[in-house]
Amino acid sequence: MAYRYHPEIEGLKVNEDGSGVIYLGETLEVKKSNRAERTTDLQYINFRGNAYSIAKLVCECWNGMAENPRWCATRKVKSKGFHYTNLFFAPCGTNPERKNNARGTRSKIKKEDVPVIEKRLKKGETLKAIAKDYNTSDMSISRIRKNMNANE
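Under the numbering used here, read the sequence shown as residues 1 to 152, first letter to last.
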């Protein structure tokens, strides 16, 4: 596999998919993130006292530096790995595979419903049960309860 030098870190070479990283002639160990919760396939290397993302190093070596230094390397298709053709720089938090969830899909509570909800709360019904009946979040019901307690 071919290697390319990093444009800013002298002596650092990275191959096209990030499986091999060489710094001043010494091969560095590519590590995988090992988290118990929210598993990820993040790969990184440690050198010069810092951890560096393999995706960012590959993207910088093969595609050039990012326009904005705060941008991060993002994969076009997650299953295709960290090959430089699958990487591009984008603002952090943008991911082409992530679904754009429509905000505000839950219904809003009408003013006429508030007294009915207050009665149900006084009876001792759970927030979750009431929220399910009105297709809203239990936090919305909790706010009604909070206002009800503040007014008493």
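No residue lacks a Cβ here, since even glycine has one placed at the ideal position from N, Cα and C.
Which residues in the same chain have their Cβ closer than 8 Å to the Cβ of residue i, if we skip the five residues on either side of it in sequence?
| i | result |
| --- | --- |
| lysine 128 | Asp138 |
| proline 7 | Glu60, Cys61, Gly64 and Met65 |
| phenylalanine 88 | Cys59, Asn63, Ala73, Thr74 and Lys76 |
| arginine 70 | Pro91 and Cys92 |
| arginine 120 | Ile130 |
| isoleucine 45 | Val21, Leu28, Glu29, Val30, Lys31, Ala51, Tyr52, Ile54 and Leu57 |
| isoleucine 117 | Ile109, Ile130, Tyr134, Ile141 and Ile144 |
| serine 33 | Thr40, Asp41, Leu42, Gln43 and Tyr44 |
Give the straight-line distance between the Cα atoms of residue i and residue j, rounded to the nearest whole angstrom.
| i | j | result |
| --- | --- | --- |
| glycine 124 | arginine 38 | 36 Å |
| alanine 2 | phenylalanine 47 | 22 Å |
| asparagine 86 | aspartate 133 | 45 Å |
| serine 140 | threonine 94 | 29 Å |
| glycine 81 | threonine 40 | 12 Å |
| asparagine 68 | serine 79 | 26 Å |
| glutamate 26 | alanine 36 | 31 Å |
| serine 107 | leucine 42 | 38 Å |
| methionine 148 | glutamate 112 | 15 Å |
| alanine 150 | threonine 126 | 19 Å |
For residue i, name the three-state secondary structure that DSSP assigns.
| i | result |
| --- | --- |
| tyrosine 52 | strand |
| leucine 57 | helix |
| lysine 108 | coil |
| asparagine 15 | strand |
| alanine 66 | coil |
| alanine 36 | coil |
When DSSP builds the beta bridges, which residues end up paired with residue i?
| i | result |
| --- | --- |
| glutamate 26 | Tyr23 |
| arginine 75 | Leu87 |
| lysine 31 | Tyr44 |
| arginine 4 | Val14 |
Counting only the same chain and skipping the five closest in sequence on each side, list residues whose C-beta sits under 6 Å from that of residue i.
| i | result |
| --- | --- |
| isoleucine 22 | Lys13 |
Within the 8 Å Cβ cut-off, does residue i reach chain B?
| i | result |
| --- | --- |
| alanine 66 | Chain labels in this structure do not include chain B; a single protein chain is all it has. |
What are the start and end residues of each continuous alpha helix (DSSP H) run of 4 or more residues lying completely inside the stretch 111-147, in chain order?
113-123 and 127-133
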